[in-house]
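Taking it in order: structure first as structure tokens, then the write-up.
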Amino acid sequence: MKKSTAGILSFSVIFIVIFVALTLFKLDTETLFNFVWSFPGNFEFIEKLPSADLPLGSIPLMVIILVGTGVFVTFKLGFPQIKYFWHGVKVTMGKYDNPQDEGDLNHFRALTTALSATVGIGNIAGVATALYYGGPGALFWMWVTAFFGTTLKYAESSLSLKYREIDEDGHTAGGPMYTIERGLGKNWRWLAVMFACFAVICSFATGNAIQSFTVSDQVYSESVQLLGANHFLTVKHTIFSGFDLSMQQVINGLVLAVIVGLVIIGGIRRIGRVTGFLAPIMAMIYVLSAILILAYYYPKLGSSVSLIFEMAFNPPAEIAGIGGGTFLVMLNTLLWGVKRGLYSNEAGQGSAAIAHSTAKTKFAIREGSVAMLGPFIDTIMICSLTGLVIITTDAWHHTEYFIKHIDPNFTGELFNSSLLTSFAFKQGLSWLISYGDKIVTVSVLLFAISTAISWSYYGDRSANYLFGKKAILPYKWIFLVFVFIGAIAELEAVWAFGDAALGFMTFPNLVSIILLSTPLLSMSKKYFSIKHKEYKKD
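Just so you know, we're using numbering that gives the first Met the number 0 here: the sequence shown kicks off at 0 and counts up by one.
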């Protein structure tokens with residue numbers, strides 16, 4: 000067996016063992032999760048703050064690092080999201096596309112590949128969760144987070160393209176692991192390996208199994224409503240203690256594995272073609288439906304926007320059951336807006352930079368300007384539409400709907416809130432159709448599948464960096480195994496494990512952005528000091 004193949008197989012076997020242990024034995028992952036995402040509560044200055052009840056213990060450490068890095072880089076680079084945004088639009092439209100440039104995808108397909116991974120469950124369930132726990136004002140803080148996150152996308156994508164490698168076949172290999180090793184030097188290779196290892200883990204967990212579970216669970220729920228819980232397809236059989244399985248889930252897993260496999264086995268160019276077709280369609284279905292709702296509720300739109308700004312700084316104390324003073328409640332609103340904003344657009348995680356490094360261009364900054372459109376489309380546009388639909392239809396006042404829809408006796412804390420968005424769409428489109436909630440269902444399915452497809456490429460490039468080119472095909476087959484596993488398994492513990500891995504993946508990327516911010520500033524100044532001519536097609 001080749002060394003590269005043995006490496007990826009060994010790595011995957013270790014992860015599968017951890018995955019099965021977490022899933023079947025429901026091991027406690029709270030400690031691992033909190034190590035990355037909880038606020039370090041032993042700092043002396045916390046005791047000196049005005050309110051002893053200040054919920055700083057709930058502020059994730061990685062949120063502080065991500066937002067802090069975004070603010071730092073934004074000021075250092077001189078607010079590129081304002082100065083260079085329109086240039087990114089023109090590049091995306093193909094005005095500077097030169098088919099002779101090295102790379103795998105044109106600027107548009109590189110962007111849609113990245114968007115296919117970021118536009119997903121966070122835009123539907125994440126926004127609703129933020130509004131449920133933080134009120135309408137949380138949407139304002141999602142906008143603020145996206146504003147600074149746009150600079151992180153610009154930075155990580157520009158650096159990934161500058162330090163990418165191109166093999167003898169003309170295929171690209173880029174991302175933060177190459178930025179770290181080639182930009183910071185060989186002494187930093189350990190940090191690059193750290194990023195790549197956790198990127199592979201994330202591609203199996205949050206980028207794959209979680210998405211597969213979301214699709215399978217949604218299809219199973221629809222099947223139960225259509226066929227009943229005792230149909231031979233939907234009835235669940237106990238395989239062993241704590242693990243029940245239905246024929247429908249097995250079929251879901253096999254079908255999903257085939258669909259994803261047909262795309263990813265073809266490589267980045269086929270992925271680019273599929274996401275370039277799928278991403279605009281799935282976004283248009285969701286966006287046009289939301290616009291129809293807002294047009295119908297137009298008289299309430301102005302007051303809804305005012306409510307967002309008002310509650311961003313002065314939210315009511317009864318939101319999510321939070322008591323205490325105004326500052327305490329406002330901090331809760333800010334916290335949920337920031338957390339869900341980061342979850343939605345993935346700025347700073349380094350994953351999207353892998354997709355953007357495939358662009359056909361010799362100018363790194365050019366693709367960085369394209370990457371800035373990601374947070375704008377993802378958070379400023381799609382998340383805003385979701386939030387406004389929930390607010391204008393007054394669905395955010397009816398959170399008991401989706402709690403009781405899941406479990407009439409539910410008394411605990413709710414984490415999955417896509418049903419709130421479904422309720423808002425059903426109510427908002429009731430004047431036109433009776434199945435508005437099904438639009439959300441279809442969107443969830445398309446978003447989850449496209450996310451898995453794009454994340455397969457992120458893991459592909461990371462496996463290539465760690466083990467070499469011959470590890471790519473074994474990685475893809477193992478990825479498809481996890482598509483199937485995700486469709487049949489309960490994944491609460493894997494969520495925590497995947498989120499922790501995401502934090503470990505994000506940290507090396509932020510280190511490289513900070514340390515290379517000065518060269519990046521020079522690159523930006525040099526690129527925009529030149530008058531670039533639009534490419535004339537024959």
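Here a beta-carbon is modelled for each residue, glycine too, at the ideal position from N, C-alpha and C.
By the criterion of at least three beta-carbon pairs nearer than 8 angstroms, the region 212 to 232 is in contact with the region 243 to 255. The shortest CA-to-CA distance from H396 to any of M283, K82 and L130 is the one to L130.
Counting only residues of its own chain and dropping the five nearest sequence neighbours on each side, L183 has a CB closer than 8 angstroms to the CB of L190, S511, L514 and L515. Closest by C-alpha distance to T171, out of Y457, T391 and S528, is Y457. The beta carbon of V62 is closer than 7 angstroms to those of V337, K338 and L341 in its chain, skipping five residues each way along the sequence. Per DSSP, reduced to three states, the secondary structure at E164 is strand. Going by C-alpha positions, M193 is about 10 angstroms away from V199. DSSP lists K235 as the beta-bridge partner residues of S245.
Look at A346 here: in three-state DSSP terms it is coil, with no helix or strand label. For A116, the closest of A447, V143, I477 and F422 by C-alpha to C-alpha distance is A447. The residues F231 and L232, in chain order, have a CB closer than 7 angstroms to that of M246 in the same chain once the five nearest residues on each side in sequence are set aside. With contacts defined by Cβ atoms closer than 8 angstroms, I438 and Y285 form a contacting pair. F107 is the residue among F107, K89, K82 and V70 whose C-alpha sits nearest the C-alpha of K359. Counting the other CB atoms within 10 Å of its CB gives T68 a total of 16 or more, which places it among the buried residues.
Leaving aside the five residues that flank L306 on each side, the residues in its chain whose CB is nearer than 6 angstroms to its CB run, in chain order, P135. Taking F312 as reference, the option from L333, D168, V304 and Y296 with the minimal CA-CA separation is L333.
If you look at L431, you'll find it isn't in any alpha helix (DSSP H); DSSP assigns it neither H nor E. M92 counts as exposed, since fewer than 16 other beta carbons sit within 10 angstroms of its beta carbon. Distances from the alpha-carbon of L419 to those of I364, A124, Q210 and M371 put A124 closest.
In this structure V388 does not touch F422 by the C-beta definition: roughly 10 angstroms separates them, more than the 8 angstroms allowed. Closest option to S442, judged by alpha-carbon separation, among Y153, L277 and N105: L277. By the Cβ-count criterion, R268 is exposed, with fewer than 16 other Cβ atoms from all chains shown falling within 10 Å of its own Cβ. Taking the C-beta atoms as reference points, G260 is found nearer than 8 angstroms to L479. In this structure, the alpha-carbon of G275 lies about 10 angstroms from that of N105. Less than 8 angstroms separates the beta-carbon of V118 from that of D377. Rounded to whole angstroms, the Cβ separation of S521 and G367 is 13 angstroms, and the two are not in contact under 8 angstroms. Listed as beta-bridge partners of A172 by DSSP are E164. Y295 has its alpha-carbon roughly 47 angstroms from the corresponding atom of K161. Straight through space, the alpha carbons of I264 and K468 are spaced by roughly 14 angstroms.
Taking 8 angstroms as the upper bound for CB-CB distance, T128 and Q348 are not in contact here, some 19 angstroms apart. Assignment of alpha helix (DSSP H) within the region 72 to 129, counting only whole runs of 4 or more residues, yields 79 to 82, 84 to 91 and 106 to 117 in chain order. For W454, the number of other beta carbons within 10 angstroms of its own is at least 16, and it is reported as buried. Note on M283: under 16 other CB atoms within 10 angstroms of its CB, so exposed under the neighbour-count rule.
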